[in-house]
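Student: Heads up: the sequence shown runs through residues 6 to 88, numbered per my numbering.
We treat Cβ as the ideally placed atom computed from N, Cα and C, and that holds for glycine.
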Amino acid sequence: PPGRPESSRAAELLGTGLPTLVVQGGNDPFGKPAEFPPGGTYALVEVPYGDHGFAVPKRAPVGRDEALARIVGSVADWLAALR
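Rendered as structure tokens:
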């Protein structure tokens, strides 16, 4: 939660033993992509400038449509790779 980095849920997300895709907003107050441990058996996709709901500020160099395309494309690619 914001302001409580000691309460990270990364281990919970990554300890399932199942293929995991983490889609994380680059400006998410609940956690940043850099907080996930390197290496690991998960895939991580960052939505640049995105918040917890993947909203991108109007002033960001990446627009809402680009963020949405990144999310959809990344999820589709990840799912296709599971076959």
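For Thr46, list the residues DSSP reports as bridge partners.
Tutor: Its beta-bridge partners do not exist; DSSP assigns none.
Student: Using only the alpha-carbon positions, how far apart do Gly91 and Pro43 sit?
Tutor: Here the chain covers residues 6 to 88 and nothing more, so residue 91 does not appear.
Student: If you draw a straight line from the alpha carbon of Pro38 to that of Leu18, how long is it in whole angstroms?
Tutor: 13 angstroms
Student: Contact between the segment 39–59 and the segment 17–31: three or more CB pairs below 8 angstroms?
Tutor: yes
Student: Should Val77 go down as buried or exposed, given a rule of 16 or more other Cβ atoms within 10 Å for buried?
Tutor: exposed
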